[in-house]
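Okay, so the sequence shown: first residue is 186 according to this note's numbering, each after it adds one.
Notes follow once the structure below has been shown.
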Amino acid sequence: MSFVMLTSAEKSRGRQEADPPRRKGVLAMVRADIACVKARDPAARFTFEILLTYPGVHAIIWHRLSHRLWQKGLRFPARFLSWLSRLLTNIDIHPGAVIGERFFIDHGAGVVIGETAEIGNDVTLYHGVTLGGTSWSPGKRHPTLMDGVLVGAGAKILGPIVVGAGCRVGANSVVVDDVPPGMTVIGIPGKIVRPAEERRRLGHGRIDLDHHLIPDPVGDAVSALIDRLDFLEVRLAHLQAQLNRRPEASPNVQTTHHSHQPQGAQHE
186 MSFVMLTSAE KSRGRQEADP PRRKGVLAMV RADIACVKAR DPAARFTFEI
236 LLTYPGVHAI IWHRLSHRLW QKGLRFPARF LSWLSRLLTN IDIHPGAVIG
286 ERFFIDHGAG VVIGETAEIG NDVTLYHGVT LGGTSWSPGK RHPTLMDGVL
336 VGAGAKILGP IVVGAGCRVG ANSVVVDDVP PGMTVIGIPG KIVRPAEERR
386 RLGHGRIDLD HHLIPDPVGD AVSALIDRLD FLEVRLAHLQ AQLNRRPEAS
436 PNVQTTHHSH QPQGAQHE
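Below you can see the structure in the form of structure tokens.
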């Protein structure tokens, strides 16, 4: 009897492990979205203030609702809620976009997220960010952001590319190629400038806000060119000084040479 009961329990446990994880409800995800704001925004004070005054939180609440309608095939109501959210928050998120848990849009103004964009957990976007497409063809045409990605203000991530987990995208950068996990990307087009181990780490789930410490590869290249030009100018000045001294020395050499010639040789 005990063998039969044990076997049934094992079968039940096996079925539970085989089943996919149950999808969280909209309310639970919204609570997590609100709670993560305190860890990522030093200006956030208490939950009620966040719920009432943060347009990024309002936008994700509207999106959670419109995305569920989109998944159920109710496309027009989903698009209408999306349009209403954009009207109220100035944040345009297509209801077809897939967004993970604890998503935060700081300030929010001007953020655009396309239909086939996919965003992982614990992602942070600042104002003016665009997750856009580069093709008119249907199918996957917007970027995928893995867990823990931070995208600075005004950055554009374009096309069906993948930004790896833990990456940081500098403000006003334009990223058009895949980015390996843990890298920092800046510039137009975006270039990898710093791996994760060289970044400052903060505890308690807070993110590193030292955007002004991001390296400047363009500035470094210009500095190297200026140093090279200074070196070439000094070398050119040295060579020019040598050339200026040669004509003064040549007449003396010629006079000395003729003075040793025999008198008869000059008449010849």
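Ideal Cβ positions, reconstructed from N, Cα and C, are used throughout, including at glycine.
Presumed contact (8 Å Cβ cut-off) between residue i and residue j, rounded CB distance
i, j, result
"GLY305", "GLY285", "5 Å"
"ALA244", "GLY293", "6 Å"
"GLY313", "ALA338", "5 Å"
"GLY349", "VAL360", "That pair is no contact at about 11 Å."
"ARG264", "PRO280", "6 Å"
"ASP291", "ASP226", "6 Å"
Spatially closest choice to residue i from the options, by CA coordinates
i, options, result
"VAL242", "LYS223, PRO366, THR319", "LYS223"
"MET368", "GLN256, LEU335, PRO240", "LEU335"
"LYS485", "GLU303, VAL297, SER322, PRO366", "Outside the displayed range of the chain (186 to 453) lies residue 485, so it cannot be described from this structure."
"GLY295", "ARG287, LEU266, ILE278, ALA302", "ILE278"
"TRP268", "GLY258, HIS252, LYS257", "HIS252"
"GLY178", "CYS221, LEU250, LEU237, ILE235", "Because the chain here runs from 186 to 453, residue 178 falls outside it and cannot be looked at."
"ASN275", "ASP415, LYS257, GLU300, THR315", "THR315"
"GLY299", "LEU273, PRO345, TYR311, LYS257", "PRO345"
Proximity of residue i and residue j at Cβ, strictly below 8 Å
i, j, result
"VAL308", "THR329", "no"
"TRP255", "SER270", "no"
"PHE288", "ASP362", "no"
"THR301", "ARG260", "no"
Nonlocal neighbours in the same chain, by C-beta distance under 6 Å from residue i, ignoring five residues either side
i, result
"CYS352", "VAL334, VAL364, MET368"
"CYS221", "ARG287, PHE289"
"ILE371", "GLY355, SER358, VAL378, ILE399"
"SER320", "ARG326"
"PRO366", "GLY349, ALA350, GLY351"
"ARG431", "none"
"LEU343", "GLY317, THR319, VAL361"
"PRO262", "LEU254"
"GLU303", "VAL283, THR329"
"ALA203", "Note on ALA203: pLDDT 42, under 50, position unreliable in the model; no value is reported."
Beta-carbon contacts of residue i that lie in its chain and below 8 Å, excluding the five residues immediately before and after
i, result
"PHE231", "none"
"ASP415", "none"
Residues of its chain near residue i, where Cβ-Cβ distance is below 7 Å and the 5 sequence neighbours each way are ignored
i, result
"ALA356", "GLY337, ALA338, GLY339, ALA340, HIS396"
"ILE373", "SER358, VAL359"
"LEU236", "ILE219, VAL242"
"LEU273", "HIS243"
Those runs of the alpha helix (DSSP H) which lie wholly inside the stretch 213–292 and span at least 4 residues: Listed in chain order, they are 232–238, 240–256, 260–274.
Residue ranges of each beta strand (DSSP E) run of no fewer than 3 residues wholly in the stretch 306–342, ordered along the chain? You should have 315–317.
Which full runs of the beta strand (DSSP E) of 3+ residues lie inside the stretch 352–382, going along the chain? Counting whole runs of 3 or more residues, the stretch 352–382 contains the beta strand (DSSP E) stretches 369–371, 376–379.
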